[in-house]
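Worksheet: one structure, shown below.
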Amino acid sequence: MEAARNLAVSNSENQEQRVENLLKKGLISLWKKEAQLHTRDSGTYYPSYLGYCLRKQYYIYVVGERATPENLAVLMTGQGVHEIVARAFSESSTVESIEEKITLSFTDKIKLSGRVDIIIVDIDNKRYVIEVKSASRIPDRPYESHLLQLEIYLHSLNINDGFVLYWNKRSGEVRAFAVGKNNEWLSKIYERAAMLDYHICMAQLPPAESYLNGKVWECRRCPYLQECNPGPLDI
Ligand code: SF4
């Protein structure tokens, strides 16, 4: 009797695992299909990555893009939030575009290419760029990587104002931070793109930025942790 019960429990555990694995496999498959649409050519860099660990971006270009099912679940939750935010704005204001493609060229070799989440036109007929971020906690001020991303969009579209809009996945709280187009960001953006380009062209590993800046949580979920091996993570 006990053995039969154990067998039933173990069968249902197997089935539970099977369902989890099917979902993970499906996530990887969806991601691979989408990844085929994006080539990673040196010289063209991405606003949504540029503010993050330079070494990780180097691996994406040199080793190839990788993701874990957990990374993908987070990414796709974010995509779901983007969609609902765009739909909500469409109900209450004029949405000029969603996922508009932009390019910001610095030299004939280095450019940034990406897609802007949402552009809305408000009652005063002004255009605003909305950069949506889903998070488990709303920060007191926008993260630098998010500001950098929004500044790229503002400069490429020559729009003066935008917002980083945080959506708390746990509590449902939302908060918008106003950001103005600021020329001081341009040199910083170019500096990072040029540094990344240099390291990729010279096949030289950039500094382990996240680790050196104390962001070990980024290293813990980094798909290149093994190659990078930046140091102990229990600090
Ligand atoms: S492990 Fe950390 S430092 Fe290394 S590439 Fe990944 S995020 Fe960057």
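Mind the numbering: the sequence shown is residues 4 to 238 in the working numbering, read in order.
Just so you know, even glycine gets a beta-carbon here, dropped at the ideal spot from N, CA and C.
Note that the structure is a prediction, hence the values are computed from the model and not measured.
Looking at ligand 1, does it come within less than 7 angstroms of residue i, judged from the CB to the closest heavy atom?
i             : result
glutamate 221 : yes
glutamate 19  : no
glutamate 56  : In the sequence under discussion, the amino acid at residue 56 is cysteine, which differs from the glutamate named in the question. Cysteine 56 Cβ: within cutoff of ligand 1.
cysteine 225  : yes
alanine 51    : Position check: residue 51 holds serine in this sequence, whereas alanine was assumed. False, no ligand heavy atom lies under 7 angstroms from that Cβ.
tyrosine 48   : no
serine 93     : no
glutamate 147 : no
proline 233   : yes
lysine 104    : no
tyrosine 64   : no
alanine 211   : yes
leucine 228   : yes
lysine 59     : yes
tyrosine 214  : yes
Distance check for residue j and residue i, CA to CA, integer angstroms please.
i              : j              : result
asparagine 186 : aspartate 164  : 13 angstroms
leucine 160    : glutamate 16   : 53 angstroms
glutamate 154  : leucine 236    : 32 angstroms
isoleucine 2   : threonine 80   : Nothing can be reported for residue 2, as the shown portion of the chain is limited to 4 through 238.
alanine 70     : glutamate 37   : 12 angstroms
serine 174     : glutamine 207  : 43 angstroms
isoleucine 87  : lysine 172     : 12 angstroms
isoleucine 141 : tyrosine 156   : 22 angstroms
valine 254     : tryptophan 188 : The requested residue 254 is not part of the displayed model; the chain covers only 4 to 238.
arginine 144   : arginine 178   : 10 angstroms
histidine 158  : leucine 26     : 39 angstroms
glutamate 146  : asparagine 14  : With the sequence shown as reference, residue 146 is identified as tyrosine, and glutamate is not the correct amino acid for it. Going by the C-alpha atoms only, they are around 46 angstroms apart.
threonine 42   : isoleucine 63  : 11 angstroms
serine 45      : serine 51      : 16 angstroms
leucine 107    : glutamate 176  : 33 angstroms
cysteine 225   : asparagine 128 : 42 angstroms
glutamate 73   : lysine 104     : 27 angstroms
Do the CB positions of residue i and residue j come within less than 8 angstroms of each other?
i                : j              : result
arginine 195     : leucine 30     : no
valine 182       : leucine 151    : no
glutamate 230    : valine 22      : no
arginine 90      : glutamate 102  : no
proline 209      : cysteine 222   : no
alanine 211      : arginine 58    : yes
leucine 228      : tyrosine 48    : no
phenylalanine 92 : tyrosine 193   : no
valine 135       : isoleucine 122 : no
isoleucine 162   : lysine 184     : yes
glutamate 99     : arginine 130   : yes
Would you give the residue range spanned by the beta strand (DSSP E) that residue i belongs to?
i              : result
glutamate 134  : 130-138
alanine 181    : 177-183
lysine 114     : 114-124
asparagine 171 : 164-171
Which residues bound the alpha helix (DSSP H) around residue i?
i             : result
lysine 59     : 57-65
threonine 110 : Counting along the chain, threonine 110 falls outside any alpha helix (DSSP H), and DSSP gives it neither H nor E.
methionine 79 : 72-95
arginine 223  : 219-223
glutamine 152 : 147-160
Please name the residue, chosen from the options, that lies closest to residue i on a Cα-to-Cα basis.
i            : options                          : result
leucine 215  : Cys56, Lys28, Leu115 and Ser190  : Cys56
valine 167   : Ser213, Lys129 and Asp120        : Asp120
alanine 138  : Gly83, Ser213, Asn128 and Lys28  : Gly83
tyrosine 201 : Ile105, Phe180 and Tyr61         : Tyr61
leucine 75   : Trp34, Trp220, Met205 and Val219 : Trp34
Can you find a CB in chain D that lies within less than 8 angstroms of the CB of residue i?
i            : result
threonine 71 : Among the chains in the structure shown there is no chain D, since it carries only a single protein chain.
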